[in-house]
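Scroll down for the structure; my scribbles are underneath it.
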Amino acid sequence: ANAEGQPYIQHRGGPAGFLKVLDEHTIGFADFSGNRQFITQGNLADNAQAFLFLIDYMLRQRIKIWGRARVVEDDAELTAQLMPANYKARPEQAILFTVTAWDANCPQHIPQRFEAADVAAALAERDRRIADLEQEIARLRNSAPGEA
Numbered sequence: 603a604n605a606e607g608q609p610y611i612q613h614r615g616g617p618a619g620f621l622k623v624l625d626e627h628t629i630g631f632a633d634f635s636g637n638r639q640f641i642t643q644g645n646l647a648d649n650a651q652a653f654l655f656l657i658d659y660m661l662r663q664r665i666k667i668w669g670r671a672r673v674v675e676d677d678a679e680l681t682a683q684l685m686p687a688n689y690k691a692r693p694e695q696a697i698l699f700t701v702t703a704w705d706a707n708c709p710q711h712i713p714q715r716f717e718a719a720d721v722a723a724a725l726a727e728r729d730r731r732i733a734d735l736e737q738e739i740a741r742l743r744n745s746a747p748g749e750a
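So the sequence shown is numbered by the working numbering: it starts at 603 and just counts up by one.
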């Protein structure tokens, strides 16, 4: 929210595990170059109250986290600690979030979705199995009676 309390939401994301637990009350993440509007940074400078809404479509889970956030600039060691492994985006700063409350919701209205790469891998495995079975069927059909 801004200084007047006007709510604001901005998507922040990255690969699985981009949020890092730093201690029992603190979550951090590297903040990457984006649309150059700096609205989140400005709002946090005026009003540290923040909210994280995390959703896992594959497992149909969501978590709401309330707390206070702050931007940490010019701390290369912290930013490096928060960088996801093998991630190519360029971090601009770190955001640290102090958790004051959290809640996990029921999955009732969360549609189940999967990563395209996971679906492709499952379909490739299925296709390999079908090809193996088709070869086995052809072999059995072509074998002389009593050889199968």
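Using N, Cα and C, we set each Cβ at its ideal position, and we do this for glycine too. All values derive from a computational prediction rather than experimental measurement.
When you compare the CB positions of residue i and residue j, do they come within less than 8 Å of one another, or not?
i    : j    : result
L698 : A671 : yes
Q695 : V674 : yes
I712 : I657 : yes
P609 : A618 : no
Y566 : G644 : Coverage of the chain is limited to positions 603 through 750, which leaves residue 566 absent and any answer about it impossible.
Check each candidate in the options and name the one with the smallest Cα separation from residue i.
i    : options                : result
S635 : E606, I657, Q663, R614 : R614
G630 : A682, R692, R728       : A682
D648 : G607, R715, L742, A722 : G607
M660 : Q714, A740, A605       : Q714
T700 : G616, V623, A687       : V623
L646 : R741, A605, P747, I739 : A605
F620 : D676, P709, A687       : A687
For the beta strand (DSSP E) that residue i lies in, which residues bound it at each end?
i    : result
R547 : Any property of residue 547 remains undetermined from this structure, which presents the chain solely from 603 to 750.
E717 : Premise fails: E717 is in no beta strand (DSSP E) and is neither H nor E.
Q695 : 693-707
Over what stretch of residues does the alpha helix (DSSP H) that includes residue i continue unbroken?
i    : result
D632 : A quick correction: the sequence has Ala, not Asp, at residue 632. A632 -> not in any alpha helix (DSSP H); beta strand (DSSP E) instead, spanning 628-634.
N649 : From DSSP, N649 is part of no alpha helix (DSSP H); its letter is neither H nor E.
L624 : Not the alpha helix (DSSP H): L624 falls in the beta strand (DSSP E), residues 622-625.
A678 : 678-684
Hey, how far is the Cα of residue i from the Cα of residue j?
i    : j    : result
I732 : A719 : 20 Å
W668 : L654 : 7 Å
S745 : E717 : 42 Å
M685 : T628 : 16 Å
R692 : R662 : 30 Å
R743 : D734 : 14 Å
D625 : L680 : 14 Å
I611 : Q737 : 54 Å
D633 : V721 : 29 Å
I641 : Q710 : 33 Å
Can you find at least 3 beta carbon pairs, one from the region 717-736 and one from the region 702-709, that sit closer than 8 Å? no
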